[in-house]
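Student: Let me give you the structure first, and then I'll get to my questions.
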Ligand SMILES: [Fe+2]
Ligand SMILES: [Fe+2]
């Protein structure tokens with residue numbers, strides 16, 4: 127187990143080093159045009175098997191559909207390059223396009239290099255391991271936004287953990303599905319900051335939140351154009367719910383908290399999806415609006431619907447930890463079963479403030495289900511070691527807010 131001191135040793139120098147960069151970015155915010163190819167928005171994500179595939183995407187501006195671009199990749203330390211080509215589709219805003227490369231038949235747990243034709247930069251990525259034979263970390267949070275003063279230090283802290291991936295479950299850019307410049311800034315920040323050693327790009331796994339959607343709640347897929355243009359691969363049903371399996375050691379289940387799909391519509395899918403993965407070493411569930419909010423009203427209709435429809439499924443499937451967001455604070459609940467503390471209950475962590483200003487949390491007497499709470503920026507780091515999972519939350523200074531372990 128890492129001590130608080132070790133955690134800070136890793137994080138503090140990088141977090142402190144971020145402030146000069148942050149002020150430079152702030153001054154150019156909103157006026158910096160996209161380059162000809164738009165490669166400063168390039169990022170990785172997974173639509174399929176994270177052991178053997180990688181999806182590489184970036185956004186460009188063009189009056190017409192862009193020509194296909196040659197793309198090269200190789201296993202790290204191999205001499206010859208393999209060739210792939212981009213395919214383009216509309217981004218959801220006039221004159222903007224998504225360039226996409228889907229790589230498949232990759233080897234698990236392997237480092238690759240890649241580059242775009244005639245461009246100098248060589249990037250790296252890493253596929254997920256076949257089995258959990260070594261420790262594996264990922265970072266998790268939500269409610270990011272595009273203010274470099276808060277986002278840059280949190281990204282740098284998160285990247286310094288060398289996570290296999292970063293997961294952002296709702297309220298990515300705050301573009302509301304309409305403001306393309308805000309959307310571009312979000313991806314530029316991820317591209318610039320979320321890199322591991324050796325210029326490894328850290329893949330982004332996402333869930334949907336209200337700020338991905340024109341109108342926020344009870345809308346259609348068409349009203350979240352940027353989100354679905356980039357991430358539809360994982361969400362093939364009627365809304366943004368899907369599952370990503372890492373071998374049989376980790377399963378990430380993502381749900382749509384009434385943004386483009388009703389809560390109750392996903393209940394049976396959730397039950398079947400969790401049942402099918404009963405033998406997995408780790409199963410986590412994530413969605414945007416919290417069942418157990420640390421800031422907002424407990425009787426918010428979406429929170430009520432989640433407690434009614436999903437929580438009994440999570441409890442009977444013996445899910446141990448659920449990721450919640452939307453409230454812009456830090457929290458960890460007690461282990462809850464039917465709303466009461468229980469040794470076999472579910473822990474809900476959150477509450478989404480990976481850049482957005484934190485809000486005041488409710489007083490203890492108002493929310494006795496909360497074990498910990500703070501009005502604080504935060505990102506969660508999860509480290510899997512066999513059947514053990516360490517959950518650590520830290521703020522933008524790298525100060526540890528929480529650490530607990532499940533088996
Ligand atoms: Fe938010
Ligand atoms: Fe939200």
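Residue numbers (our numbering): 127 to 533. Built from N, CA and C at the ideal position, the CB exists for glycine as well.
1. Which of the three DSSP states is assigned to residue 187 in this structure?
2. So is residue 371 buried or exposed if we call it buried at 16+ other beta carbons inside 10 Å?
3. Let me know the alpha helix (DSSP H) ranges lying completely inside the region 426-485, each 4 residues or longer, listed in chain order.
4. Suppose only complete runs of 3+ residues qualify. What are the beta strand (DSSP E) ranges in the region 191-245, listed by chain order?
5. Heavy atom of ligand 3 less than 8 Å from the Cβ of residue 336, yes or no?
6. Look at residue 422 and residue 519 and say whether their C-beta atoms are less than 9 Å apart.
7. For ligand 2, I want to know if residue 265 counts as a neighbour, meaning its beta carbon is within less than 8 Å of at least one of the ligand's heavy atoms.
8. Would a C-beta distance cut-off of 9 Å place residue 354 and residue 258 closer than the cut-off?
9. Any chance the CB of residue 294 is under 8 Å from a heavy atom of ligand 2?
10. Between which residues of its own chain and residue 439 is the CB-CB distance below 8 Å, once the five residues before and five after are set aside?
11. Taking residue 264 as part of the beta strand (DSSP E), name the residues at either end of that continuous run.
12. I need the straight-line Cα distance from residue 517 to residue 301, nearest angstrom please.
13. Beta-carbon separation of residue 487 and residue 420 under 9 Å?
14. DSSP three-state call for residue 143: helix, strand or coil?
15. Here's the rule I'm using: 16 or more other beta-carbon atoms within 10 Å means buried, otherwise exposed. How should residue 449 be labelled?
16. May I ask you to report which of helix, strand or coil DSSP gives residue 180?
17. Exposed or buried, which one is residue 189 when buried takes at least 16 other CB atoms within 10 Å?
18. What does a CB cutoff of less than 8 Å around residue 147 pick up in its chain, not counting 5 residues either side in sequence?
19. Between the region 255-272 and the region 212-228, can you find at least three pairs of beta-carbon atoms closer than 8 Å?
20. For residue 406, which three-state DSSP category applies?
21. Is residue 302 helix, strand or coil by DSSP?
22. Under 5 Å from any heavy atom of ligand 1, by CB: list those residues in chain order, please.
23. For the putative contact between residue 349 and residue 362, defined by C-beta atoms under 8 Å, what is the C-beta separation to the nearest angstrom?
24. Between residue 510 and the rest of its own chain, which residues show a CB-CB distance below 7 Å, the 5 nearest in sequence each way excluded?
25. Provide the residue(s) that pair with residue 172 in DSSP beta bridges, ordered along the chain.
26. Does the beta-carbon of residue 414, which I'm using as the reference point, lie nearer than 8 Å to any heavy atom of ligand 2?
27. Should the region 302-311 be regarded as contacting the region 493-506, the criterion being three or more beta carbon pairs within less than 8 Å?
28. Fully enclosed by the region 329-384, which beta strand (DSSP E) runs are 3 residues long or longer?
29. Any idea what DSSP makes of residue 509, helix, strand or coil?
30. Given residue 325, which residues of its chain have a CB within under 6 Å of its CB, disregarding the five upstream and five downstream residues?
Tutor: In short:
1. strand
2. With a threshold of 16 other beta carbon atoms within 10 Å, residue 371 meets it and is buried.
3. 427-435, 437-442
4. 196-201, 208-211, 213-216, 222-229, 237-242
5. Looking for ligand 3 in the displayed structure turns up nothing; the ligands present are ligand 1 and ligand 2.
6. no
7. no
8. no
9. no
10. 393, 396, 397, 400
11. 262-267
12. Taking C-alpha positions only, residue 517 is separated from residue 301 by approximately 30 Å.
13. Result yes, Cβ atoms of residue 487 and residue 420 sit closer than 9 Å.
14. Unreliable positioning characterises residue 143 in this predicted model, as indicated by a pLDDT of 30, which lies under 50. The coordinate reading is nonetheless provided below. Three-state result, residue 143: coil.
15. In summary, residue 449 is buried, with 16 or more beta-carbon neighbours lying within 10 Å of its beta-carbon over all protein chains present.
16. strand
17. exposed
18. Since pLDDT at residue 147 reaches only 29, below the 50 mark, its modelled position is unreliable, and no value is offered.
19. no
20. coil
21. coil
22. 269, 297
23. Separation of the CB atoms of residue 349 and residue 362 is rounded to 18 Å, and the pair is thereby denied contact status at 8 Å.
24. 258, 261, 262, 376, 408
25. Per DSSP, none; premise fails for residue 172.
26. yes
27. Contact between the region 302-311 and the region 493-506 is absent, because fewer than three Cβ pairs lie under 8 Å.
28. 330-333, 368-372, 376-380
29. In the structure shown, residue 509 sits in a strand (DSSP, three-state: E or B).
30. Cβ neighbours of residue 325 beyond the five flanking positions: 249, 250.
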